[in-house]
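Chains as they are written, first to last, in my numbering: chain A, 1 to 407; chain B, 1001 to 1407.
As structure tokens, the structure follows; a few thoughts come after it.
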């Protein structure tokens, strides 16, 4: 008999079906037991009345992997209005011991460190796994939006010889006896590939040896990167980003999640008009600006050059400011981007002549590059904003930080 | 005026358009100059007759970034049957010097090391960039096929504490003063995630410190990984792989590439019937088997356990063989896969009790895992087979090997 998923039971009322999944929970009453079976689609309630089967089931630990053949029946009390009767069970695999996490609760009660230490089990919780289904939908929407706009997906190397941001948070790799680094971003390569495909994106891991243990930084995260050639300035880049974010929200909604409608034109404010007397915004500034504008999405443009990386394009006429932007979403920065320098001599000047470590990168500019710009969006932060998670570790499958390298 | 791509000229005959791109080549005749402009869509021929403009253009180096307004006209000799007349050019960016690669040739004449040393320019060659457009189409097809089958995309950490294959080719990372490794594969995490989503895939970088300088190994490559729960044995995994590969070929054809039709049932042969008196196939064996069968695609199943990793499921009744497979494509192994162990006690036995380094991984099995299996396909090797490239470095944007760490 073909396997049926729990999500497909409603159209099989009265039929005999075969389900497979995990023993999520069992509730024993005086004369019967309710077995909750969990599969990738959701939960199904199995009613066990035969005393021999009640006894068989009573011996099982949570997370026992089971198959069950049973008859689908309507039931007002059960999940999705159906339950399974007259079950015949087969055990596919037995847990070695009682799981360390109580998956049966609607919300996990364990502390975050316990949840992360036991991620292989904790991620099975329906609420926890939903965050990663949302991540998958978001990435799908990102790609679809950019594919429609003529972008080409690339994969760039993660073992590199130079820092793209500051040299302070680089991880060192022993590369056949030589020192190398883990890429902090695909920045140099996505710019280089503008010379090839004009419009490129990459979804991949980036690495930051963050020495601070905060709720919004990780040593490894997933970056959604894009870079676009033949732009006039950063506003062209912001228009593409708007399409990407709208695509992500649309895919999320299609997958059954709440996600905002992205305005056709996301409002923006220049850094000089934020009232901030510094070279960067604090988290409190970001929250305040979103509140003041009553905007879920808000661009801040023109960040001072002092706080942006060397490849940033200055603002024509006001060179202390830059053609850069951040996108704030619900009070937090989730995207950084901007127009880049594109002339070789501007790079040589920006690097103060220290070009040796950037030789490969600078080749792209030496041999003709159009005006271009791009952006990077942190996937885990995006999902945290959408789900309301307070800590980015809740939206990372297996987080890596100062103290955590396993599981 | 909106920009027009070179691929869209045929529907604009008689119109004035604006193009942007790179000066691919110019051919000077006695009374006129042909300028070949390259953009992401292809090439367009611009006819320059005005002596002042001929002189302007003559001064430009190849790869000068230009815009041109001109009139589209039919022309039998020109690419795609159209050319541009009465051009007015604007220079967007000038190269600093003559490019080290002659991009104007139909095939690059430079040696592979020269091409790789100058990848930022060499990748702009129309033939070279096609390989990476094919890679992007293949990945798109892979994801689409698995999305249709109910898979969820995941992103697993690349900084890890243990080897998934042999410990011999691990790269070491300095992780905040502690030693860690770069993941040789997402194997442990994709298996773990079968406990969460049943069916998962990942497209991402993997790292192998290969001490051999061969035409088919790299220190970093892109792995297309999938893992599937609730299988009977490795034949269920092979059926999913067939769908994935068919999806990749279909997407490649849709993008304009030659790609084979994948048979509904890919033929297979058990290792015991290959006539090979060893525990693995040599490259010569792989070529011979494909030739003997007259098969573009051929599964070899049942590889001896001696050559497969510790998580491999043995063949029931013949424990010296395994429920594993390789997929050969045009005489070369491009996919490795199989059924995995799923019982905790089997892992403890397979690891000879040395479970300390695998604690996080083993949690998945300790708390109930269904029979499962999966596969991994190397993207660069796949594209090399499709394009006929002899060296995998030709289908890798920025290869990493024993001797190469830049660009």
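Glycine included, C-beta positions come from ideal geometry on N, C-alpha and C.
Every value quoted in this text rests on a predicted model; they were computed, and no experiment measured them.
DSSP lists A/300 and A/336 as the bridge partner or partners of residue 326 of chain A. Across the structure, residue 391 of chain A and residue 384 of chain A are spaced so that their CA atoms are roughly 7 Å apart.
At a C-beta separation below 8 Å, residue 133 of chain A has these neighbours in chain B: 1152 and 1197.
A direct Cα-to-Cα measurement between residue 1306 of chain B and residue 1320 of chain B gives close to 8 Å. For residue 300 of chain A, the number of other beta carbons within 10 angstroms of its own is at least 16, and it is reported as buried.
Beta-bridge partners of residue 223 of chain A (DSSP): A/204 and A/378.
Excluding the 5 residues flanking it on each side, residue 266 of chain A has same chain C-beta neighbours closer than 6 Å at 242, 297 and 299, in chain order. Setting aside the 5 residues that flank it on each side, residue 358 of chain A is surrounded in the same chain by 162, 188, 347 and 351, each with a C-beta closer than 8 Å to its C-beta; the list follows chain order. At a Cβ-Cβ threshold of 7 Å, residue 251 of chain A and residue 137 of chain A count as neighbours. Annotated as distal: residue 1054 of chain B and residue 1012 of chain B, with beta-carbon spacing of 7 Å or more. For residue 1 of chain A, no Cβ of chain B is located within less than 7 Å of the residue's own Cβ. In the structure shown, residue 132 of chain A falls within a helical segment according to DSSP collapsed to helix, strand and coil. Put simply, the backbone Cα of residue 1375 of chain B is about 34 Å away from that of residue 195 of chain A. Neighbours of residue 22 of chain A in chain B, taken as residues at a C-beta separation under 7 Å, are given in chain order as 1368. The three-state secondary structure of residue 90 of chain A, taken from DSSP, is strand. CA-CA distance, residue 1218 of chain B to residue 1382 of chain B, rounds to 14 Å.
Residue environment: residue 1105 of chain B is assigned as exposed (fewer than 16 neighbouring CB atoms within 10 Å of its CB, all protein chains considered). At a cut-off of 7 Å between beta-carbon atoms, residue 201 of chain A makes no contact with chain B. Annotation: Cβ neighbours of residue 124 of chain A in chain B (cutoff 7 Å, chain order): 1195 and 1196.
Excluding its 5 nearest sequence neighbours in each direction, residue 403 of chain A has C-beta neighbours in its own chain below 8 Å: 213, listed in chain order.
Around the beta carbon of residue 118 of chain A, 16 or more other beta carbons sit within 10 angstroms, so the residue counts as buried. With distances taken between CA atoms, residue 1043 of chain B lies nearest to B/1124 out of B/1225, B/1089 and B/1124. The DSSP-derived three-state label of residue 271 of chain A is helix. Taken in chain order, the complete beta strand (DSSP E) segments of 3 or more residues contained in the stretch 1162-1192 of chain B are 1172-1175 and 1178-1182.
Residue 99 of chain A sits close to residue 1367 of chain B, with the two beta carbons spaced by under 7 Å. DSSP places residue 119 of chain A in the uninterrupted alpha helix (DSSP H) bounded by 119-122.
Under the 7 Å criterion on CB atoms, residue 1174 of chain B is classed as interfacial with respect to chain A.
Look at residue 1400 of chain B: its C-beta is under 7 Å from a C-beta on chain A. Take the alpha-carbon of residue 1255 of chain B and the one of residue 1134 of chain B: they are about 8 Å apart. Here the alpha carbon of residue 203 of chain A sits roughly 8 Å from the alpha carbon of residue 139 of chain A. Considering only A/181, A/398, A/234 and A/176, the residue with the shortest C-alpha distance to residue 1208 of chain B is A/176. Residues of chain A whose Cβ lies closer than 8 Å to the Cβ of residue 1063 of chain B are, in chain order, 367 and 368.
Inter-residue distance for residue 75 of chain A and residue 60 of chain A is about 25 Å (C-alpha atoms, whole angstroms). For the pair residue 1173 of chain B and residue 1183 of chain B, the CB atoms are not nearer than the 7 Å cut-off. Taking 8 Å as the cut-off between beta carbons, the residues of the stretch 1324-1357 of chain B near chain A are 1342, 1343, 1344 and 1345, in sequence order. Linking residue 1399 of chain B to residue 269 of chain A through their CA atoms gives a straight-line distance of about 42 Å.
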